[in-house]
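Participant:
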Amino acid sequence: MGLLSRMLGGRPGAAAITETIGDAVRVLPGVVQSSLVFNHQPHASGAVSGVVDVSDTPTFLEVLRTVRRVLDPLLGDGADRVTFYLTGRTLDGASVQPGDLGLSQPPSGREIRQRLLGS
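Counting along the sequence shown from 1, when you hit position 25 you're at 122 in the working numbering, and nothing is skipped either side.
#1: So, are the CB atoms of R143 and V179 less than 7 Å apart?
#2: Run through DSSP, which three-state label would V122 get?
#3: Figure out for me which residue from G196, E116, T154 has the closest Cα to the Cα of V129.
#4: Just the C-alpha distance for L172 and L158, rounded to the nearest angstrom, thanks.
#5: Restricting to runs no shorter than 3 residues, where is the beta strand (DSSP E) found entirely within the region 144–210?
#6: Report all residues from its chain with a CB closer than 8 Å to the CB of S205; omit the five preceding and five following residues, and keep chain order.
#7: Should M98 be labelled buried (16 or more other beta-carbon atoms within 10 Å of its own) or exposed?
#8: Check for me: the beta strand (DSSP E) holding L133 runs from which residue to which?
#9: Looking at the strands, I want to know which residues DSSP matches up with A141.
#10: Enumerate in chain order the residues of its own chain whose CB-to-CB distance from G185 is below 6 Å, with the five nearest sequence positions on each side excluded.
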């Protein structure tokens, strides 16, 4: 459990996590628009789903990294068990999935941490 969860006596609510993720992604260079939602799951820490309109594929990779970084202090070790159901859409309308970038489809927080954050 993360520090915030311990201080509040439980894990943060899905709405608070969704808002925090949205705020972090919205300010990334190259992000045009995003509609991301976090939901707690009964047999995992949760799932992040949605579409992010980005200028290019590297920006979508940064979105994945950023969401994972944001989840870490909110969920602690549970951030590794979050499933990422995210899709990027580039300016020319092309869709980019984590699977297109060599990740599993859908990737877990653990995979994103290990492969994209190097930890």
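C-beta: ideal position from N, C-alpha, C; glycine also.
Facilitator: This is what the structure holds:
#1: Note on residue identity: the sequence assigns Gly, not Arg, to residue 143. Yes, they are a contact pair.
#2: It is helical.
#3: For the residues G196, E116, T154, the minimum Cα distance to V129 belongs to T154.
#4: For the pair L172 and L158, the Cα-to-Cα distance works out to about 21 Å.
#5: Within the region 144–210, the complete beta strand (DSSP E) runs of at least 3 residues are 179–187.
#6: For S205, where only same-chain residues beyond five positions count, the Cβ hits under 8 Å are D177, R178, V179, T180, F181.
#7: Confidence in M98 is poor, its pLDDT being 43 and thus under 50, which makes the residue's placement too unreliable to answer from.
#8: Where L133 is concerned, the enclosing beta strand (DSSP E) stretches over 128–138.
#9: Paired residue(s): Q138.
#10: Once the five neighbours on either side are set aside, the close Cβ partners of G185 are V149, V151, F157, V193.
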